[in-house]
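Here is the structure we will look at.
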């Protein structure tokens, strides 16, 4: 059975070298991505030793079309 959720990796773009701001929260991610559809889960990757943000995260949305819309609109956004 295919996973019905579409996961987005929010990481630096190779040509732009942009990370998520280190003070970005899961609530911030959810708020931004909810404009494009239903957010099931958002997670900020954190360092295990310091609990500080590693500058990237993951967003799980309910449909591929919603994720595609977010990627198209937010690609490279700060």
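Numbering (the working numbering), first residue to last: 1189 to 1266.
Note that CB positions come from ideal geometry on N, CA and C, so glycine has one too.
Let me know if residue 1237 comes out buried or exposed under the rule of 16 or more other beta-carbons within 10 Å of its beta-carbon.
exposed
Residue interval of the beta strand (DSSP E) (run including residue 1248)
1241-1249
Between 1213, 1233, 1223 and 1234, which lies nearest to residue 1258 when the distance is taken from Cα to Cα?
1223
Beta-carbon gap between residue 1250 and residue 1225 smaller than 8 Å
yes
Locate the alpha helix (DSSP H) running through residue 1257, then write down its first and last residues.
1252-1262
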